[in-house]
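Everything below concerns the one structure shown next.
There are 4 protein chains.
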Amino acid sequence: MSKPKEIRVGLIGHQFMGKTHSNAFRNAGLWLELPCKVVMRAVCAKDTEANLKKFADNFGWESVETDWHKIVSRDDIDLIDVATPGFLHKDMVIEAAKHGKHVLCEKPLANTLAESEAMLDAVNKAGVRHCCGFSYRSTPSQALAKKFVDEGKLGKIFHVHARYAQDWIVDPDFAMVWRLDKKLAGSGALGDIAAHSIDATRFITGMEFTRVVGNMKTIITERINPENPTGPKAKVTVDDVTNFLSEFDNGATGCYEATRFATGRKNANHIEINGEKGSLMWDFEEHNFLYFFDRTRPVNEQGFTKIIVTENTHPFAGGPWPPGHGIGYGDSFIVEVANFVTAIVENKEFHPDFVDGVKCQQVLEAVEQSANSRQWVEISK
Amino acid sequence: MSKPKEIRVGLIGHQFMGKTHSNAFRNAGLWLELPCKVVMRAVCAKDTEANLKKFADNFGWESVETDWHKIVSRDDIDLIDVATPGFLHKDMVIEAAKHGKHVLCEKPLANTLAESEAMLDAVNKAGVRHCCGFSYRSTPSQALAKKFVDEGKLGKIFHVHARYAQDWIVDPDFAMVWRLDKKLAGSGALGDIAAHSIDATRFITGMEFTRVVGNMKTIITERINPENPTGPKAKVTVDDVTNFLSEFDNGATGCYEATRFATGRKNANHIEINGEKGSLMWDFEEHNFLYFFDRTRPVNEQGFTKIIVTENTHPFAGGPWPPGHGIGYGDSFIVEVANFVTAIVENKEFHPDFVDGVKCQQVLEAVEQSANSRQWVEISK
Amino acid sequence: MSKPKEIRVGLIGHQFMGKTHSNAFRNAGLWLELPCKVVMRAVCAKDTEANLKKFADNFGWESVETDWHKIVSRDDIDLIDVATPGFLHKDMVIEAAKHGKHVLCEKPLANTLAESEAMLDAVNKAGVRHCCGFSYRSTPSQALAKKFVDEGKLGKIFHVHARYAQDWIVDPDFAMVWRLDKKLAGSGALGDIAAHSIDATRFITGMEFTRVVGNMKTIITERINPENPTGPKAKVTVDDVTNFLSEFDNGATGCYEATRFATGRKNANHIEINGEKGSLMWDFEEHNFLYFFDRTRPVNEQGFTKIIVTENTHPFAGGPWPPGHGIGYGDSFIVEVANFVTAIVENKEFHPDFVDGVKCQQVLEAVEQSANSRQWVEISK
Amino acid sequence: MSKPKEIRVGLIGHQFMGKTHSNAFRNAGLWLELPCKVVMRAVCAKDTEANLKKFADNFGWESVETDWHKIVSRDDIDLIDVATPGFLHKDMVIEAAKHGKHVLCEKPLANTLAESEAMLDAVNKAGVRHCCGFSYRSTPSQALAKKFVDEGKLGKIFHVHARYAQDWIVDPDFAMVWRLDKKLAGSGALGDIAAHSIDATRFITGMEFTRVVGNMKTIITERINPENPTGPKAKVTVDDVTNFLSEFDNGATGCYEATRFATGRKNANHIEINGEKGSLMWDFEEHNFLYFFDRTRPVNEQGFTKIIVTENTHPFAGGPWPPGHGIGYGDSFIVEVANFVTAIVENKEFHPDFVDGVKCQQVLEAVEQSANSRQWVEISK
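Residue numbers (my numbering), protein chains in the order written: chain Y, 25 to 405; chain A, 25 to 405; chain W, 25 to 405; chain D, 25 to 405.
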C-alpha cells in the first residue's frame, strides 16, 4: 500500500483550541519535515457563515461547514480534528470514525470515562489513527524529560509533585461560561488542567495511577448569566479547585493541585519528579527550559541544571530557530499535528492516543468519585 | 513586681538544635535590643564531660550537666530550653514547669497529641511562659507575610499550597539515625518538616485546620545499624514522605507534601497562599525575600513582586545589616529567643507558644490517623 | 487616495532571517488584524531553483527569483524585504526604493554609516515607507517597557546596563562563516547583537547616545575554511566580543557588552534601566515577562515585579493566546511585519525605520572608531 | 617557636564594619575550629565612653579606648582591626605595624595608591601578618568559584562581566554622609563597591588587570548638610556611578559597573566569568549558590547548574549548618577572621592580604585617572 500524498483535514471548533489547531495545521511543515502535504479542507463551527468564512480565510481553510455531521462525512477529508467542548466529543468522534476518518480529539477525551471508552472502541473498530491532544508532550522540554527518564537518568522514581494553577475566574464579576457548566465541560479545573498534570506524569515517568483520594471545591457557586445579566444567576456546577493524592503501580506517590483561583498564576503548569539518581522539574512558564538534578555528578558540582532545550540534539530539534531562540505556546501544537500526520502517513503507532486519553479519564473519574465519597478510589487496569 | 534584670538559661541538647539555640542565646542581644541580660548558665546533654565542656566553652555556657533532672531543678536558672529528640520533650518540660521554669521546647512539641496536651497543661498550671520553636516565624520574610494578611492584603483566602522537601536520606547506605525511629522521633517527614508547613499556614493566615486526608510512605524500610554495621539492619519506622489534603475553618483548602526523598532539594520549605485580593509565596531557600502579588494594582503592572525583606520598616528591622545584606539560617533563632526572653521579662503573651504546638500536633495526629484508616479525619477545636 | 487592498511582498534571503520573515508574512494576519491582504509574491536567493522552489512551497511564496535585480523591479510587488548579509543591503535597498518599493531591511541597516545614510536618503527621496528590523521592539514586553517610560514611571533615567551574550562560536573547530568576515558582515558581535542593545536603549528610553568608548576583541583569529578544510585557515576579521561605555544627551551613562564567547549563554539579550522613580529589566530568555521596580510604592511592598506580559491590555494584546500562554522568538516578527504593512496601508509613520537604523549605525561606527583610536568618540546629532 | 595560645584583638571603629567585625570575632570559633583562643581585648571609636561601653558590653569587648593611638600601642593586644573610614587607614595601620601588631584593615586598603603602598611597606618591614577585608572571598560560594577555576574547570578565560549595584542614595533628600566626601572616603561607588568586583575578579580568576578606561559620574552633586539642614548644601565629591572596561594579562577583557543609583538594587554584587570549558556566575543576593556551566557535559544536559554551596565538601564546610540551611551576610566575616587568626598562629601566608589591597588600589587609581584624562590607563606590574 502506497503512502498517501496528502492528508486532508477537517476541523470542528473555532474558539481557543480551534485557533491553536488552525495555526498548527497551517504551519505544520515549517518546523518539522512532513512526509506529505497537509490540506486544510474545511472548518466547521456553530456561527454565522460570514464569521466562519472570515475565520477560514484568515487561517487558510478552503471551505466552511456549519453542521458537524456534514464535515465528518465528507469524502474529501481524511482527518477530523475535534476541538469542541467535551460534551460534543463522543458523538463527533464516533461518527468520524464510522466514516473512516483519522481523529484528533482535544483533551480531556470526553466528559465521562464511559464516553471515552466508547470513543476508543470506535476508533479501534474503524482501524483509524487517533490522537488525544495533550499538547504539552510536544514541547521539546517535556519530551526531553521523558527521554531522560527512559535513559535511566532518574533511576527508581520516588514521587511526583504537580500543580497547575490559573486565576482567570477569581473575579466574582466574571460571567458564566461553558467551561463552568458540568453538562458541557464535564468538570472544571479537574478535566481542563489536572488532566494535563495526569498526562504529563504518565508520559514522562511511564507509571500508571493505581488509586487516588481527592477534594474538589467550587469557590464561587453562581455567576452572572451573560444572556440575562440582570436576571437570576447561573449555577456553577464544576470544581474551581481540585486536589488529589495518588499512588502508582511502582509504589511511588503523587500530590496534585489544579486550580483556577491561584491569584497571580496565569498558566502555571508545574511538575517535579524525584528519583534515586536524579530529579526533573518542568514548568510551562519556562517551557523552553528543563531543570535536571543529577545525583551521579561529583557532590561539589551537584545542583539543578537549567537546560535551555533549543539545541539540534534536543527533541524536535529544540525548535525551529537557533539555540536560545525559544518557542511559544502555539508552537507545540505544530509538533503535535506534524507528528500525528506523519504517523498516519507512515502507518505507525502514535502517542498520545485515545488509550492515553482513556487512562487519563480513569484518573479524572476516580478523583471525582473520591471527592464525592470521601474515600480512596482504586483505578482498574 | 519589678522586671527581672537577667534571664538565666539552661539548655538541654547539643546536637543540631542545641547548636542553633546556643548560637541564638549567645547573640540574642546583637540584633534586637533586649530588656535584660541573658545568662547562659548551663548546658546539659548525654555525652562525656570533656565533650560537653568543649561545647560549653565554645558557645559560652558557664557550666555543664549530664543529668537533665538536675538542670531543670537548678535554682539559678529561669528558662529551660528543650532541644532534644521528641520522646524526651514531655518529661523534661513537665519537670521544668514544676520547678517554675519558663520553657522553650523545640518542635514538634511532642511525639503524640496526648503528650503535647499534658505539656500545655503543665505550663499553664505552673504559670510560666512557653515557646514552641517554630523558628521560621522569626524570619523577617515570614513575619511580613503574616503582616500582609493581617492588613487585609489578600482578602478572603482561597487555598494554601505547601511543600517541604529535603533529600538527606535518599542514599540507601545512609545509616539508621534516631530521626528514623518512631519511638524516638514520633514520626519522620511529618513531624520534622510538615510541622513547619502546618505552623506556617496557621501563623500567616490565622486559619485553623478542620479535616485532613493523608498518605504516608516509608521508601527505604531498613537501614544499616551504625552500632552493628554488618549485623541485621535496623527497621525504619517513620514516614519518608507524607502528603495530605486539608480543609480550613473558613472554607479554604490545602495541599501539602513533606519529603526527605526529593533528590536535589536540600531544605526546600515552600508555601504559597492565594486570596481574592492577592497572593503570597515564601520559600526558605530565598528567605530574605517575600513574593507578593497584588490584584488591586493596575492590570498592566500586576505580577509577583520579589520583596527583599531587609528594610528598617520590615519586621525585626529586616535583619541586623543594611538593606540587601541578608541573614542566614541561624539568625531567625536569634529573633526567636530574643522575643521570647522579652515576653518573659515584660510578662506578655508570646507566640508560637504551646497552644500553637498543640494545634500543630492535632493536625499531625490527624494526618497519621488518616494515613492508617484511609479516611478523612476531623480535627476537633 | 484609497487604501490599497493588498500588499504584495518580495523577500530577498532564505537563511535564518529569510525564514523568520517568511514565517512572519505567512502568519501576519493571525494575531493582529490587518487592513489589507498580504500577498507573498516572490522569494529571491542565491540557490538552486529546486531548493528555492522547495523553500517557497513550504512557506507559501508564489514564485521564486534568483537575481535580486529582478525581484526589486517586478511590477507586481509593493514591498521588498531585504534579509541578506549586510554588505548587500545598500544596493538592494536603493534599487528597490528607486522602483518605488516600500522596504523592510534587516539590522544592522548596513555595514557602514555612510551606506546606511545613503539608504535613508534613497527611501526618503522615493517617498516609500521603511522599516529597520529591530524585531525585539515588537515583543509585547519590550513595548511595555517603552510604554512605562513614556508614562513617566521611571522619572529621570540615571543609567542603562545592557549585555547581549551568545556562545555559538566558542568551539575553535567551528568553521568560518560569513558573519565572521568583515567584508560581508561589517562587524561581528557589534553589529549583530550590540545593535539590538543600542536600539533597545533608544526605543525604551528615548535617549540619544552622545559619546562612547569601546573595546573590541577577536578571540579566535582564524578558523577552518569550510571550502578547503585542510588548507590554510580563514582569517576572522570581526570582533568576537565588544564592550563599550556611553553617555547620553540627558546626562545618563551606559555600559554595554556584546559577546559570542559567553559559554553557556545562548541568546541572553538583557537590559536594565534605572531611574529616579523606578527601574525596568528585560531579558530575552524571559521575554514574556517584564521586571518593574516602582519606587513610589510603600517601602514594605517594594521589589521587582515580574509582569507576565500576556494580558489584553498589554501591547499587541499580550500575544495571540490567553493570559499566561506566551509567545516564542518567531512571533515578534509577525508583529513587526503586521505593523509595518499597516503603516504602509494607512500611510502613517512607522518605527523602527531607517532613521532608527542610521542612529544605531552612528553608535556602531563610533564604537569601532573608539576601539581603534583608543579614545572616546563623539556622536554627532 | 611555640604557637601562641591566644590572639588578643583590638578593634578601631564601631559603625557598620565595626559591628560586622565584632560579630565575627565573637563567633569566630563557632563555625571553624580555631587553633587558639580569641580574646576580644578592646574596642576603640570616637564616641562617648557610655556609648562605647554599651557597644563593648553588647559584643563582648573587654575594654574601650577613645584614642586610637592608645589601642595600637597596648601591650596586651596582638592584632589590630582597622574598620574606620579610608582616610584614617594609613596612619592607624602604620602605627599598629610599628608596634608589631598584626593588622586587619577594611577595604579599600586606603584612599590612594601611595597610601596603600606605604601601608604594605610598613607591615612588610614589621614582619606582621596582614589582611585586607575583601570579605566576599570568605563566602563558601565565591571560594568554590575560585576552586573550580584552579581545578581547570573553565579553561582559558575569555572575559569577565561584573556589576555591583545599590540604590541607597537615590533619594535626593538623603543627607550628606562621610562616604560621599572624597577627603574621607577616597571615592564613592568606585572604592566602596567596584573594589569588591575588582578583588573578586583577581581572586577567582588569578588574572591581573593591565589597563582600564573608565567613566565616573556624580548624579546628585550636593546634599543637605545634616549638621546644618537649612544652611548651604554640602558638596558631594565622589562618584555615584562608575563604569570601566579592562584588559587582563592573559588577553581577557572585562566590563564593570558600580553604582549607588540602581533603583531597586540593594546589594546586587554580581560577577560572571566565561571560559572555553565553562562559565561561572556568582551573585551576592543568592550567595549560598554558585552557578556553573560545564561545556564538557553532553550537549543535551548542558545548562547553568545552581549549586547550593552547603555541603561538607564545599569550602568552609559549606557553612555551619546542614545542607540547604544557608548563611547570612555577617557569616563570611566569621570565616575571614577565623582564617586570618589561624594564619597568624600557624605563621602562614594569608590572602586577601595587603598585596591584594594594593593591587586593587592600582586598578581603582587607574580608573579614576582614566575618568579624568578620558584615556586608557596602563597598570604597572
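Every residue, glycine too, gets a C-beta built ideally from N, C-alpha and C.
Note that the coordinates shown come from a computational prediction; the quantities given were computed from them, not determined experimentally.
### Query
Ordered along the chain, which non-local residues of its own chain (more than five positions away) have a Cβ less than 6 Å from that of Asn267 of chain A?
On the second sequence, position 243 is the one that residue 267 of chain A refers to. Same-chain partners within the cutoff: Asn239, Glu281.
### chain Y contact for Leu128 of chain D (CB, 8 Å cutoff)
As a working mapping, residue 128 of chain D is identified with position 104 in the fourth sequence. Cβ-Cβ to chain Y under 8 Å: no for Leu128 of chain D.
### Three-state class that DSSP yields for Asn60 of chain W in the structure shown
In the third sequence, the residue the question calls residue 60 of chain W occupies position 36. Note on identity: in this sequence residue 60 of chain W is Cys, with Asn being the wrong assignment. It is coil, neither helix nor strand.
### Query
If you draw a straight line from the C-alpha of Glu232 of chain D to the C-alpha of Leu76 of chain D, how long is it?
Position 208 of the fourth sequence, counted from the first residue, corresponds to residue 232 of chain D. Position 52 of the fourth sequence, counted from the first residue, corresponds to residue 76 of chain D. Their Cα atoms are separated by approximately 41 Å.
### Query
Do you know whose CA, among D:Ala292, D:Phe111, D:Cys156, lies nearest His126 of chain D's CA?
Within the fourth sequence, residue 126 of chain D is the residue found at index 102, counting from 1. The residue with the shortest Cα to Cα distance from His126 of chain D is D:Cys156.
### Beta-bridge partners of Ala292 of chain W, as assigned by DSSP
By one-based count along the third sequence, residue 292 of chain W stands at place 268. According to DSSP, Ala292 of chain W bridges with W:Ala189.
### Task
Anything in the stretch 90-123 of chain A with a Cβ closer than 9 Å to a Cβ of chain W? List those residues in chain order, please.
none
### Interface positions of the stretch 172-183 of chain Y facing chain B (Cβ-Cβ less than 8 Å), listed along the chain
The chain inventory of the structure shown lacks chain B, comprising the protein chains Y, A, W and D.
### Task
Using a cut-off of 8 Å between C-beta atoms, extract the partners of Leu168 of chain Y located in chain A.
Working through the first sequence from its first residue, we reach residue 168 of chain Y at position 144. Those within 8 Å of Leu168 of chain Y in chain A number zero; the least Cβ separation is about 17 Å.
### Task
Tell me, please, which residues DSSP counts as bridged to Asp318 of chain W.
Within the third sequence, numbered from 1, the residue matching residue 318 of chain W stands at position 294. Per DSSP, W:Gly302.
#### Entry: Reference Asn293 of chain W, options W:Ala186, W:Gly275, W:Asp102, closest by Cα
Position 269 of the third sequence, counted from the first residue, corresponds to residue 293 of chain W. Checking every option, the nearest Cα to that of Asn293 of chain W belongs to W:Ala186.
### Message
Quick check: is the beta carbon of Lys330 of chain Y nearer than 8 Å to any beta carbon in chain A?
### Response
As a first step, residue 330 of chain Y must be located in the first sequence, where it is residue number 306. So, not an interface residue.
### Query
Would you say Arg398 of chain D reaches chain W, if we count a Cβ-Cβ gap shorter than 8 Å as a contact?
Position 374 of the fourth sequence, counting from 1, holds the residue named residue 398 of chain D. Closer than 8 Å: yes.
### Message
I'd like to know if Asp355 of chain W contacts chain Y, where contact means its C-beta is closer than 8 Å to some C-beta of that chain.
### Response
The count along the third sequence starts at 1 and reaches residue 355 of chain W at position 331. Asp355 of chain W counts as touching chain Y.
### Message
Against chain A, which members of the stretch 42-68 of chain Y pass a CB distance test of less than 7 Å?
### Response
none
### Query
With respect to 7 Å, is the separation between the Cβ of Lys61 of chain W and the closest non-hydrogen atom of the ligand ADP below this value?
Ligands are entirely absent from the displayed structure, and the ligand ADP is therefore not among its contents.
### Message
Counting only Cβ-Cβ distances shorter than 7 Å, please list the residues of the stretch 295-310 of chain D near chain W, keeping chain order.
### Response
Asn298, Gly299, Glu300, Gly302, Ser303
### Task
Tell whether a beta-carbon distance below 8 Å holds between Phe328 of chain D and Lys330 of chain Y.
Residue numbering aside, residue 328 of chain D sits at position 304 when the fourth sequence is read from its first letter. Residue numbering aside, residue 330 of chain Y sits at position 306 when the first sequence is read from its first letter. The answer is yes: Cβ separation under 8 Å.
#### Entry: Exposure of Arg284 of chain Y, with buried meaning 16 or more beta-carbon neighbours within 10 Å
Within the first sequence, numbered from 1, the residue matching residue 284 of chain Y stands at position 260. Per the 10 Å Cβ criterion, buried.
### Task
Within the same chain, show all residues whose beta-carbon is closer than 8 Å to that of Asn274 of chain Y, passing over the 5 residues directly before and after it, in chain order.
One-based indexing of the first sequence puts residue 274 of chain Y at position 250. Result list for Asn274 of chain Y: Lys180, Ile181, Met231, in chain order.
### Task
Please state whether DSSP places Tyr353 of chain D in a helix, a strand or coil.
Translated into positions along the fourth sequence, residue 353 of chain D becomes position 329. Three-state DSSP puts Tyr353 of chain D in coil, outside helix and strand.
### Message
Please classify Arg398 of chain Y as buried or exposed, where buried requires at least 16 other C-beta atoms within 10 Å of its C-beta.
### Response
One-based indexing of the first sequence puts residue 398 of chain Y at position 374. By the 10 Å Cβ count, Arg398 of chain Y comes out exposed.
### Task
Note down, in chain order, each residue of its chain lying with its Cβ closer than 7 Å to the Cβ of Gly42 of chain D, except the 5 sequence neighbours on either side.
Counting from one through the fourth sequence, the residue named residue 42 of chain D turns up at place 18. If we look at Gly42 of chain D and ignore the five residues flanking it on each side, its Cβ neighbours are Leu35, Ala69, Ala107.
#### Entry: Exposed unless 16 or more other CB atoms sit within 10 angstroms - verdict on Ser159 of chain W
Along the third sequence, read from residue 1 onward, the residue named residue 159 of chain W stands at position 135. It counts as buried.
### Task
Determine the chain Y residues that contact Val323 of chain D at a beta-carbon separation under 9 Å, and present them in chain order.
Along the fourth sequence, one-based indexing puts residue 323 of chain D at 299. Chain Y residues near Val323 of chain D: Glu335, Asn336, Thr337, His338.
### Cβ distance (whole Å) where Thr229 of chain Y is taken to contact Ser356 of chain Y below 8 Å
Along the first sequence, read from residue 1 onward, the residue named residue 229 of chain Y stands at position 205. Along the first sequence, read from residue 1 onward, the residue named residue 356 of chain Y stands at position 332. Not quite, the Cβ-Cβ distance comes to about 19 Å (not below 8 Å), so this is no contact.
### Query
Based on the DSSP output, what are the partners of Leu35 of chain Y in its beta bridges?
For the purposes of this step, residue 35 of chain Y is identified with residue 11 of the first sequence, where counting begins at 1. Note: Leu35 of chain Y sits in a beta bridge opposite Y:Val67, Y:Asp105.
### Query
Taking 8 Å as the CB-CB cut-off, is Pro164 of chain Y touching chain W?
Position 140 of the first sequence, counting from 1, holds the residue named residue 164 of chain Y. Cβ-Cβ to chain W under 8 Å: no for Pro164 of chain Y.
### Task
Please name the residue or residues paired with Lys241 of chain Y in a DSSP beta bridge.
Against the first sequence, residue 241 of chain Y aligns to sequence position 217. DSSP, once it has assigned bridges, lists Y:Val265 as partnering Lys241 of chain Y.
### Query
Can you find a C-beta in chain W that's less than 8 Å from the C-beta of Gly288 of chain D?
In the fourth sequence, the residue the question calls residue 288 of chain D occupies position 264. Interface residue, yes.
#### Entry: Chain-ordered chain A contacts of Thr229 of chain Y [CB-CB under 9 Å]
As a first step, residue 229 of chain Y must be located in the first sequence, where it is residue number 205. Correct list: empty, because the minimum Cβ distance to chain A is about 14 Å.
### Task
Using a Cβ-Cβ cut-off of 8 Å, state whether Phe40 of chain A counts as contacting chain D.
For the purposes of this step, residue 40 of chain A is taken as the residue at position 16 of the second sequence. By this cut-off, Phe40 of chain A is an interface position.
### Query
Is the CB-CB distance between Trp192 of chain D and Pro347 of chain A below 8 Å?
Your numbering for residue 192 of chain D matches position 168 in the fourth sequence. Your numbering for residue 347 of chain A matches position 323 in the second sequence. Closer than 8 Å, so yes.
### Message
So, does the stretch 251-266 of chain W touch the stretch 135-142 of chain W, judging by three or more C-beta pairs under 8 Å?
### Response
no
### Task
Would you tell me roughly how many angstroms separate the C-alpha atoms of Lys383 of chain A and His220 of chain A, rounded to the nearest one?
Here residue 383 of chain A refers to the residue found at position 359 of the second sequence. Here residue 220 of chain A refers to the residue found at position 196 of the second sequence. Computed Cα separation, rounded: 12 Å.
### Same chain, Cβ closer than 6 Å to Asn47 of chain Y, five either side skipped, listed in chain order
Residue mapping note: residue 47 of chain Y aligns to position 23 of the first sequence, counting from 1. Around Asn47 of chain Y: Gly354.
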